[in-house]
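Below is one structure, written out as structure tokens, with a few remarks after it.
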Amino acid sequence: MVRTILTALLLTTAFGAFAQRPDFEPIDNDAMAATAAKHMKEVDRLVDLSAEQEPQVQAVYMQVERHYQALAYRMQGQPKEDVEADMKSQEVAIGQYIDRELEKVLTPAQMYTWRERSKQ
Numbered sequence: 277m278v279r280t281i282l283t284a285l286l287l288t289t290a291f292g293a294f295a296q297r298p299d300f301e302p303i304d305n306d307a308m309a310a311t312a313a314k315h316m317k318e319v320d321r322l323v324d325l326s327a328e329q330e331p332q333v334q335a336v337y338m339q340v341e342r343h344y345q346a347l348a349y350r351m352q353g354q355p356k357e358d359v360e361a362d363m364k365s366q367e368v369a370i371g372q373y374i375d376r377e378l379e380k381v382l383t384p385a386q387m388y389t390w391r392e393r394s395k396q
């Protein structure tokens, strides 16, 4: 019973917090582009991207940067413990997104190499 009440209270608070914030549209900036380029270069170092693959991989990482910007906006004002707990699941989801998107760009051999070398 107490658990149900606490869950309802948490959901009500969360929905109220989101209702007070308008939709957020990330804005690309130089720092995001530099971070995406850094990640693309790391993938290139590991799997030797072709000239056609480089902008595609950089686009994947720009999308990741946009997601991080939206997360930062959404988490403003939240307690540090809540942010840290939420970020653990977000990191897993982002990693899965990167893998799915890289599978669309990389060859099977490159994808195998990426998975093996990025684990280290």
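Under the working numbering, the first residue of the sequence shown is numbered 277, with each subsequent residue one higher. Where a beta carbon is used, it is the ideal one built from N, C-alpha and C, also for glycine.
Are residue i and residue j close, meaning C-beta to C-beta below 8 Å?
i      : j      : result
ASP304 : MET338 : yes
ARG393 : LEU322 : yes
VAL381 : GLN334 : no
HIS343 : ILE370 : yes
So the candidates are the options; which of them puts its Cα closest to the Cα of residue i?
i      : options                   : result
GLU301 : GLU377, MET316 and GLU341 : GLU341
Just to confirm my understanding: we take residue i, look at its own chain, exclude 5 residues before and 5 after, and list those with CB closer than 6 Å. What are they?
i      : result
ALA346 : PHE300 and PRO302
THR311 : GLU341
GLN332 : VAL381
Cutting at 7 Å between CB atoms, please list the residues of its own chain near residue i, excluding the five before and the five after it.
i      : result
HIS315 : TYR337
ALA390 : One detail in the question is off: residue 390 reads as Trp in this sequence, not Ala. For TRP390, where only same-chain residues beyond five positions count, the Cβ hits under 7 Å are VAL319, LEU322, VAL323, LEU378 and LEU382.
ALA313 : GLN334
ASP306 : none
* 4 or more residues per run - each alpha helix (DSSP H) lying fully within the region 298 to 331 -> 306 to 323
* Within the region 355 to 394, note down every full beta strand (DSSP E) run reaching 3 residues or more, in order along the chain. => none
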